[in-house]
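Student:
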Amino acid sequence: MKGAASTMRAELIGLAGVVERNVYLTKRYFLWDVAFFLWTVANTLTIVFIAKGFEATGATLDVDRATTSLLIGAVIWAYLGIIFEFLTETVAWERWEGTIEYTFMAPLSRAMHLAGQGVFAIIYGLARAALLFAVVAFFFDLSLPNANFLAALLVVAVASISFIGIGMMTSVMPLISPEKGMQLGFIAQGVLLVVSGVYYPVEVLPQWMQWIATISPATYALEGARAAIMEGAGVTSMWEHVWPLIIIGVVSVPLGLWVFSRGERYAKHHGKLKRSG
Amino acid sequence: MLDTAEEITIAPVPGNGSVTAVEVVDLRKEFVRRKKRKTGFGRERKRVAALDGITFTMRKGETLAILGQNGSGKSTLVRLLSTLLLSDGGSVRIFGHDAYREHRAVRRLVNRVSVEASFFKKMSATENLSYAARFYGMAPSQTRDRIPEILERVGFPRDRLGDSMENLSRGTQQKVALARALLTSPVLLLLDEPTTGLDPRSKLEVQQFIREIRESHDATVLLCTHDLAEAETLAERIGILDAGRLIALAPADELKARYGTETLEEAFFAATGKTLEDEGEEDDE
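Protein sequences, first through last, are from chains A and B.
Under our numbering, the first residue of the first sequence is numbered 1, with each subsequent residue one higher.
Under our numbering, the first residue of the second sequence is numbered 278, with each subsequent residue one higher.
In structure tokens, the structure reads:
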């Protein structure tokens, strides 16, 4: 019993260590992060202006509603990008720095190692998403009197667990292909973008794509966030979006760990850990 | 220092009361290498033995040097002992623990310094060491005093504790690498060419520190090098690794006597037919 408690304590210290390291790196690369944030703001504005553009061409639509819907889509998309980026960096950054062998020979379990990376990604990603939402909403003078941001936060937080599970699967790619592995991670992100209703309702997709949408956590995160912010849906009414996310999370996290462990085993068998390409 | 290290058992050798630190039996590792010649579907591949059935033991507290050319299998051996590679045959036991089946127990006992002092370059020495320590279960309360203390021991300048690693000299970075390894109180220290590329002064300082680690921590040290003088002054026994095979393992004087030579360099040449400066083939894929 004492041994198990001691081991768990060591594991949690390791998890906190990953968060601590990311805090150090964020401080050291702060100006780069600011520059990247400005790029994200520009990108988000480009998308959100589409609603105004349609109105200018004579189309009839509720511009405020369309603008808010696109904004939510763009912010959640940017958030998802941050989660995937941090998870993929678990391997890619350490390869680049040359520290990966020291990290992988340490006694911390891979589950806690990846969880530490995920925890920081969620904290950083949520703060960044909130700031992005506020900055872009300011440009459009959006009025959201009924918005329930707490409910939106809840559904995105629950979805984050599934995002991390999927991120774990893609983060192992740089171990298998140091040169192109990180880019392969974008494939998963791209699939989620297409099928999850980021910028349009899922209902406009062909039926087979709608089936894929039902297993995408982003679908439920977007539906829940839009219901909370645009309709003012409360925390209790988020359940219809939360329960599918719990099921996807329960499947995707163990699956992500399993895929990562297979990739790690492959890398250790073929001597792929040491390369710094 | 490690809470979790208390759970790790260190098995004595039955019969003689001494402790076997490392037991390597018929260890084999192959890598797939692409041939230069192209076939219709790309380059042909061949399997190359990086380690070809090596067997040896080390007793607790011993320093063993492995001499070999680049590509002789030294780094592969270190990576197998530190659980960074999976073998293709044979076994490795570290203080009685199987390196494959009990890799987490082994990881708590082992640390390593390699030729490249790999760090997060934008982070300071203190931050890098904190990160490494957390992975071994060391809380901030345990490292707050310990890290500056250990950096001072390796001769790291106190006024540069906050400097990014990228602004430190290669010799200073290598001292921080030694501090990182020592911080987790390893009972087996794997040194893979720790002084290669250092200036003579830094080299001597690092070698002196290795002696201190061995004496003060009762650590077992496996030193892979192609520096003959370093091997002779630091190690009690010297192994010669050639093309993945351990062709000799004995104290330096015994090796010289066996091959009828005056120097270790001549003994190496007599054993392998090569000089240490000759380039072997890379041992990894």
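Backbone N, C-alpha and C define an ideal beta-carbon position, used for all residues, glycine too.
It should be emphasised that the depicted structure is a prediction, and the values quoted were computed from it without experimental measurement.
Apart from the five residues just before and just after Thr26/A, which ones in its own chain have a Cβ nearer than 8 angstroms to its Cβ?
Tutor: Asp33 and Tyr124
Student: For a contact meaning CB atoms closer than 7 angstroms, what does Thr360/B contact in chain A?
Tutor: Neighbours of Thr360/B on chain A, chain order: Met105.
Student: Enumerate in chain order the residues of its own chain whose CB-to-CB distance from Phe149/A is below 8 angstroms, with the five nearest sequence positions on each side excluded.
Tutor: Ala228 and Ile229
Student: Can you give the Cα-Cα distance for Ile215/A and Gly185/A, rounded to whole angstroms?
Tutor: 18 angstroms
Student: Give me the DSSP bridge partner(s) of His374/B.
Tutor: Ile371/B
Student: If we ignore side chains and look at the alpha-carbon of each, how far apart do Asp476/B and Thr40/A end up?
Tutor: 47 angstroms
Student: Please name the residue, chosen from Met415/B, Arg370/B, Thr353/B and Val301/B, that lies closest to Val18/A on a Cα-to-Cα basis.
Tutor: Met415/B
Student: For Arg457/B, collect the residues of the same chain with a Cβ closer than 6 angstroms to its Cβ; drop the 5 residues on either side in sequence, then sort them by chain order.
Tutor: Leu406 and Ala409
Student: Around the C-beta of Gly256/A, are 16 or more other C-beta atoms found within 10 angstroms, so that it is buried, or is it exposed?
Tutor: buried
Student: Does any residue of chain A have a CB that is nearer than 8 angstroms to the CB of Ala520/B?
Tutor: no
Student: What are the partner residues of Ala525/B, as DSSP defines its beta bridges?
Tutor: Ile517/B
Student: Taking 8 angstroms as the CB-CB cut-off, is Phe397/B touching chain A?
Tutor: yes
Student: In chain order, what are the residue ranges of uninterrupted alpha helix (DSSP H) at least 4 long that sit wholly in the stretch 138 to 198 of chain A?
Tutor: 149 to 171, 173 to 176 and 181 to 195
Student: Take the Cβ of Phe30/A as the centre, count every other Cβ of all protein chains shown within 10 Å, and call the residue buried at 16 or more, exposed below.
Tutor: exposed
Student: I'd like to know whether the C-beta atoms of Leu465/B and Ala326/B end up nearer to each other than 8 angstroms.
Tutor: no
Student: Using a Cβ-Cβ cutoff of 7 angstroms, what residues of the stretch 360 to 380 of chain B are near chain A? List them in chain order.
Tutor: Thr360, Leu361, Leu362 and Leu363
Student: How is the beta strand (DSSP E) around Ile343/B delimited, first residue to last?
Tutor: Thr340 to Leu344
Student: Within its chain, find whatever has a CB closer than 7 angstroms to the CB of Ile50/A; leave out the 5 residues flanking it on each side and keep chain order.
Tutor: Leu70
Student: Considering only the beta carbon of each residue, do Asp375/B and Lys306/B sit closer than 8 angstroms?
Tutor: No.
Student: On the DSSP bridge list, what partners appear for Val302/B?
Tutor: Ser368/B
Student: Counting only Cβ pairs nearer than 8 angstroms, list the residues of chain B close to Tyr29/A.
Tutor: Contact annotation for Tyr29/A against chain B: Lys399 [CB-CB distance below 8 angstroms, chain order].
Student: Please list the terminal residues of the continuous beta strand (DSSP E) segment that includes Arg437/B.
Tutor: Where Arg437/B is concerned, there is no enclosing beta strand (DSSP E), given that its DSSP letter is neither H nor E.
Student: Is it true that the stretch 419 to 436 of chain B meets the stretch 48 to 68 of chain A, where meeting means three or more beta-carbon pairs spaced less than 8 angstroms apart?
Tutor: In the pairwise beta carbon analysis, the stretch 419 to 436 of chain B is classified as not touching the stretch 48 to 68 of chain A: fewer than three pairs are separated by under 8 angstroms.
Student: Closer than 9 angstroms, Cβ to Cβ, to anything on chain A: give me those residues from the stretch 420 to 439 of chain B, in chain order.
Tutor: none
Student: Just checking: is the beta-carbon of Gln90/A within a distance shorter than 8 angstroms of some beta-carbon in chain B?
Tutor: Note on residue identity: the sequence assigns Thr, not Gln, to residue 90/A. No, no contact with chain B.
Student: Put Phe397/B into one of helix, strand or coil per three-state DSSP.
Tutor: coil
Student: Taking 8 angstroms as the CB-CB cut-off, is Gly14/A touching chain B?
Tutor: Answer yes: the Cβ-Cβ gap between Gly14/A and chain B drops below 8 angstroms somewhere.
Student: Give me the residue from Asp495/B, Ala496/B and Ile515/B with the minimum Cα distance to Asp504/B.
Tutor: When only C-alpha atoms are compared, the closest one is Ile515/B.
Student: When burial is assigned at 16 or more other CB atoms within 10 Å of the CB, is Ile371/B buried or exposed?
Tutor: Ile371/B comes out buried.
Student: Tell me the DSSP secondary structure of Gly550/B in three-state form.
Tutor: Gly550/B: coil per DSSP, three-state reduction.
Student: At what residues does the alpha helix (DSSP H) containing Thr219/A begin and finish?
Tutor: Pro217 to Met230
Student: For the candidate residues Thr219/A, Trp258/A and Glu240/A, whose alpha-carbon lies nearest to that of Trp77/A?
Tutor: Thr219/A
Student: Tell me, please, whether the CB atom of Ser349/B is closer than 8 angstroms to any CB atom in chain A?
Tutor: no
Student: Skipping 5 residues on each side, what residues in its chain have a beta carbon closer than 7 angstroms to that of Gly338/B?
Tutor: Asp495 and Thr497
Student: What are the boundary residues of the alpha helix (DSSP H) that includes Thr403/B?
Tutor: Ala402 to Arg411
Student: When the distance is taken between beta carbons, is Tyr24/A closer than 8 angstroms to Ser395/B?
Tutor: no
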